[in-house]
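Some notes on the structure that comes next.
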RNA sequence: GCACCCGUAGCUCAGUGGAUAGAGCACUGGUCUUCGGAACCAGGUGUCGUACGUUCGAAUCGUACCGGGUGUACCA
């Protein structure tokens, strides 16, 4: 359709322009263009005159039923009902046909529990992956976290202290579900962390333990007593991740543990040091920042010879590239890592120029609760992901009687609230609002779908299309016709909140239609049933993009 | 100090060059003898943080400032 306008401009003025059609307020029609305002300057003419010339030309085009000049020189375009049906039935263009993506998110550390930040990333990342897959791409979901390091040493120390010695057999007495095991490991961490702070002997032991743990990987020690304790509980962590991802019903990611990425990263560091792209400085290996680009200098290997997060991050990029040969890589992290990631990306692109323009970093804000507080692990009021889910489920139980639907509504509520904020800023998580049955929430849309399906079950006629729609019928079809454009935009911009805003507006439009238009038993039943059917299908499709179930009844 | 992000209605947020700046929540009143009322309609007194600038046109772009947050060499 924009090409129809481009052609008109070309014929009239012999100018090649890129025409962007926008969706104006409904009273102005389906599409609007400001092309005349842009051309007026170049042509040294009055914008309204230019607009009416273009509009005259467009009236002859088959693409539009109507073309009118409005305001300072906008051209408002209206399409036929028939064209509106075609738009409503159109599927989004496959923007990423054949493109190979890696999307890295969630990224929990082994030996720790997932908190709300992980929950947000897990859900947002999963939705993003769905959207991109839907646009024709191949998507590989990955995750990256620490299975070695000081936090692990604190944990192991805590276990040894708890057992009064190194005794892996004592693990048999620990509760056996993945969530209980993860919680137990957390208490061992707390024990170790406290000792590290307050007891200098313990601190020395833990620091030594840290080195020992790296050794388990280097020497592939799986049999010594301490190694058994480590490998067993490490596996417990991975089992817990799997159980958690099953609980929230997302696809699993491939986990890249730091123990594996560190050696890869160290190999790269060695190579790049020889090439002079990394420098030695005060005994450490650093990537020198570029002040003109405001890039910090960062340490890749410490003066003690240990790899930092930078090196491990380079290691993951190299491994993901080797495993999947991605065309595009998207990384989701908290926004506190924004500047840090700029340096890592700059280093990666310096080492391997072919990576330039293939990697995107999506930083997100903090999940904040109703009172505006940021839950802090230091203060002991950290919100574990599982606790958040539990408290939402409790609220849902008050409203949904059918126990078999509680889980679907619980997850719908949580996924929706995380998807509806534009990524980048903080996420305000108000539990009442999240579970609320009216307003812009997941449960509201699930209900909206169930209601539409109920109407469809009730009707016995054959659905039919009609090209002389009344006003409320047409406004619903018009809203439906925006769906594929909206999903394209959400995919292009990597922003899930467009989907939520649209679905909510769609439901509101439907409610207005439904208020005015009787369906079952009406003489226009067939036509209206066709619209209800499209509405239910669009709602279900949009919810499925968000990973939310669309129930038949609720 | 420098850099980045944020500042829009009482609250939570959309809108990032276009028409009278919009939603939800909350609050008030009303509609309909419910095809699932979890509905619909009506009601906003907003210095779009402030000031200058660019533009036919600025919440949106530029510059400076104010306020909040984050980052800034051996943590992740």
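Residue numbers (our numbering): 848 to 1401. Where a beta carbon is used, it is the ideal one built from N, C-alpha and C, also for glycine.
Residue from the options with nearest C-alpha to residue i
i            : options                : result
residue 949  : 979, 928, 938          : 979
residue 1033 : 1362, 1048, 1023, 1006 : 1006
residue 1141 : 1336, 1187, 1270, 1167 : 1187
residue 1147 : 1166, 1190, 1313       : 1190
residue 917  : 883, 1213, 1255        : 883
residue 1197 : 1233, 1123, 1254, 1167 : 1123
residue 993  : 983, 1060, 1340, 1138  : 1060
residue 1336 : 1106, 1365, 942, 1370  : 942
residue 1296 : 1354, 1161, 1077       : 1354
residue 1401 : 1389, 1305, 1292       : 1292
residue 981  : 1339, 1145, 1101, 1077 : 1339
residue 996  : 963, 930, 1016, 1063   : 1063
residue 1285 : 1230, 1246, 1299       : 1246
residue 1253 : 1276, 1233, 1280, 1290 : 1290
Residues sharing a beta bridge with residue i, DSSP
i            : result
residue 947  : 985
residue 1175 : 948
residue 794  : One cannot answer for residue 794 here, as it falls past the ends of the chain, which runs 848 to 1401.
residue 1206 : 1176
residue 1131 : 1128
residue 938  : According to DSSP, which records beta bridges pairwise, residue 938 is partnered with nothing at all.
residue 1047 : Looking at the DSSP assignment, residue 1047 forms no beta bridge with any residue, so it has no partner.
residue 1102 : 990
residue 1275 : 1215
Rounded distance between the beta-carbons of residue j and residue i, thought under 8 angstroms
i            : j            : result
residue 1158 : residue 1116 : 6 angstroms
residue 1266 : residue 1053 : Going by Cβ atoms, the distance from residue 1266 to residue 1053 rounds to 41 angstroms, so no, they are not a contact pair.
residue 1263 : residue 1395 : 6 angstroms
residue 1274 : residue 1215 : 7 angstroms
residue 967  : residue 998  : About 21 angstroms separates the two Cβ atoms, so there is no contact after all.
residue 1303 : residue 1379 : 6 angstroms
residue 853  : residue 867  : Their Cβ separation, rounded to whole angstroms, is 10 angstroms, which puts residue 853 and residue 867 out of contact at 8 angstroms.
residue 1231 : residue 961  : 7 angstroms
Buried or exposed (CB count within 10 angstroms, at least 16 for buried), residue i
i            : result
residue 951  : buried
residue 1222 : Confidence at residue 1222 is low in this model, with a pLDDT of 44, below 50, so its placement is unreliable and no value can be given for it.
residue 906  : exposed
residue 923  : buried
residue 1372 : buried
residue 919  : exposed
residue 1272 : exposed
residue 1170 : exposed
residue 888  : exposed
residue 1125 : buried
residue 1243 : buried
residue 1089 : exposed
residue 1390 : buried
residue 1069 : exposed
Cβ pair residue i, residue j closer than 8 angstroms
i            : j            : result
residue 1260 : residue 1282 : yes
residue 1386 : residue 1350 : yes
residue 1164 : residue 1211 : no
residue 1018 : residue 1056 : no
residue 1174 : residue 1205 : yes
residue 896  : residue 1325 : no
residue 929  : residue 1314 : yes
residue 1097 : residue 970  : yes
residue 991  : residue 1156 : no
residue 1334 : residue 935  : no
residue 1075 : residue 1039 : no
residue 1316 : residue 1357 : no
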